[in-house]
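In the working numbering, the protein residues as written are 210 to 625. Taking it in order: structure first as structure tokens, then the write-up.
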Ligand code: PLP
């Protein structure tokens, strides 16, 4: 990597770690954490005034970056008009968003909730109702390496044993199969199955894209048996792949797609996009939510969708993705501690070589010391999730910072 491109870096200062967090919160996160106080675009500032390039984006949430003016305006306006009414009543914002999602994706109906995991809960519950209506089996098929959330149904279809096992017994009837493996697919997806749930790109698993053959085989098999195919696009959806939905890259039409994360510009919202056949057996009272699809979050999401669905916006994301991929390929070529880079769109990862003399947390800490925020993906990879509005200069700067972080760990430049 050339240091000539490197912009001046802030002098290294200790990161601002929140004091006393360990006594405030249960130990579900590694504490103390870096304390962030403000952000704009692709940058955040910590409590000590140090600036970072944010390639975490709230874990693939802040599509339009921090403090996006269009989202701030929409939310401020809605906060002064009508904040909450519950789903006993309709609002113009929720209807407008449902219509816009329907028009942009071709789905028939939209169920709103508050988070990704709730979207998965809803989709799997709807699949069970569909199975009952058609006299079919009630099992689910999910994939090794997959992540779908932390609540009952969602954690039951999540692969990582350490996320599941402390809470067993979970929802029974989950069958795990190998991701991107066509052998044995027909045996595991049989008439005892109520739904197949899959990430077209495994996010938490380390930015691993599905192959075209795999998703097409799943679609052919599930269609033949009348089993709903559910795409979890909570992380890769809403433009991160360079298309509004990653399914468009594959030419596969699932029966349901779950969105969340980026959908409302940083506010909590989830949306389950449904084909009519999956919605039809539902009836009032079967499922619901107090907050889901409220006027403030849906107003924010309208502002996000209005920008993200534009062909010019998506073309720019694809361009940035190509630039980031090329820069990461060069980084892998320059550092023997890295074995590969992969991903789709602006969901990318670099993988540590088996003999790397440091681990993923050490690389994330070194990147932070060099002013770049990154997040783990799987056991051996670090994810890069810039906001979708990231510039070419910010990508160059981030990769330079990562290059310096790797160098600081003593791994630069062994020719391959
Ligand atoms: N599904 C995928 C693919 C995710 O990446 C996540 C979160 O990281 C979830 C589901 C769960 O979403 P949430 O944390 O909003 O419940």
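For glycine and all other residues, C-beta sits at the position ideal for the given N, C-alpha and C. These numbers come from a predicted model, not from an experiment.
Check, Outcome
"For residue 359, name the three-state secondary structure that DSSP assigns.", "coil"
"Helix, strand or coil for residue 443 per DSSP?", "coil"
"Check whether the segment 266-277 touches the segment 241-255, taking contact to mean three or more Cβ pairs, one atom from each stretch, closer than 8 Å.", "yes"
"For a minimum of 4 consecutive residues, which ranges assigned as the alpha helix (DSSP H) are wholly contained in the segment 355-424?", "361-365, 370-373 and 394-397"
"Quick one: is residue 588 buried, meaning 16 or more other Cβ sit within 10 Å of its Cβ, or exposed?", "exposed"
"From what residue to what residue does the beta strand (DSSP E) around residue 467 run?", "465-468"
"Please classify residue 293 as buried or exposed, where buried requires at least 16 neighbouring CB atoms within 10 angstroms.", "exposed"
"Under a three-way DSSP split, which group does residue 534 fall into?", "helix"
"Say the cut is 7 Å; is the CB of residue 230 nearer than that to a heavy atom of the ligand PLP?", "no"
"Taking 7 Å as the line, does the beta carbon of residue 457 fall inside it for any heavy atom of the ligand PLP?", "no"
"Helix, strand or coil for residue 267 per DSSP?", "helix"
"Following a CB-centred definition, is residue 464 positioned closer than 7 Å to any heavy atom of the ligand GTP?", "Although the ligand GTP was asked about, the structure shown includes only the ligand PLP as ligands."
"At a cut-off of 7 Å, would you count residue 444 as near the ligand PLP, judging by its Cβ distance to the nearest heavy atom?", "yes"
"Please work out which residues of its chain come closer than 6 Å, Cβ to Cβ, to residue 326, disregarding the five sequence neighbours upstream and downstream, and give them in chain order.", "358, 359, 360 and 363"
"Rounded to the nearest angstrom, what separates residue 420 and residue 552 at their Cα positions?", "12 Å"
"Could you tell me the distance, in whole angstroms, from the CA atom of residue 352 to the CA atom of residue 437?", "15 Å"
"Run the CB neighbour count on residue 475, radius 10 Å, all protein chains shown included, and call it buried at 16 or more, exposed below.", "buried"
"The ligand PLP and residue 400: does any heavy atom of the ligand fall closer than 7 Å to the residue's C-beta?", "no"
"Grouping DSSP H, G and I as helix and E and B as strand, with all else coil, what is residue 430?", "helix"
"Restricting to runs no shorter than 3 residues, where is the beta strand (DSSP E) found entirely within the segment 568-592?", "584-586"
"Would the beta-carbon of residue 468 fall within 8 Å of that of residue 485?", "no"
"Please report the distance separating the alpha-carbon of residue 453 from that of residue 518.", "6 Å"
"By a C-beta neighbour count over all protein chains shown, 10 Å radius and 16 as the cutoff for buried, is residue 374 buried or exposed?", "exposed"
"Per DSSP, which one or two residues make a beta bridge with residue 335?", "DSSP output for residue 335 lists no bridge partner at all."
"Assuming residue 502 contacts residue 296 under a Cβ cut-off of 8 Å, what Cβ separation, rounded to an integer in Å, is found between them?", "7 Å"
"Would you tell me roughly how many angstroms separate the C-alpha atoms of residue 446 and residue 473, rounded to the nearest one?", "12 Å"
"Below 8 Å on the Cβ atoms is my guess for residue 455 versus residue 520; work out the distance and round it to an integer in Å.", "Not a contact, Cβ separation roughly 16 Å."
"Nearest by alpha-carbon distance to residue 525: which of 505, 555, 378 and 415 is it?", "555"
"Compute the distance between the beta-carbons of residue 537 and residue 559, then report whether it is under 8 Å.", "yes"
"Among 504, 483 and 610, which residue has its Cα nearest to the Cα of residue 573?", "610"
"From 579, 617, 584 and 345, pick the residue whose C-alpha is nearest to that of residue 606; which is it?", "579"
"So the beta strand (DSSP E) residue 319 belongs to, where does it begin and stop?", "318-322"
"Along the chain, where does the beta strand (DSSP E) containing residue 462 start, and where does it finish?", "Here residue 462 belongs to no beta strand (DSSP E), and DSSP marks it neither H nor E."
"In three-state DSSP terms, what is residue 273?", "coil"
"Let me check understanding here. Comparing Cα to Cα, which of 407, 378 and 371 lies closest to residue 386?", "407"
"Sort out for me which residues DSSP pairs residue 261 with in a bridge.", "253"
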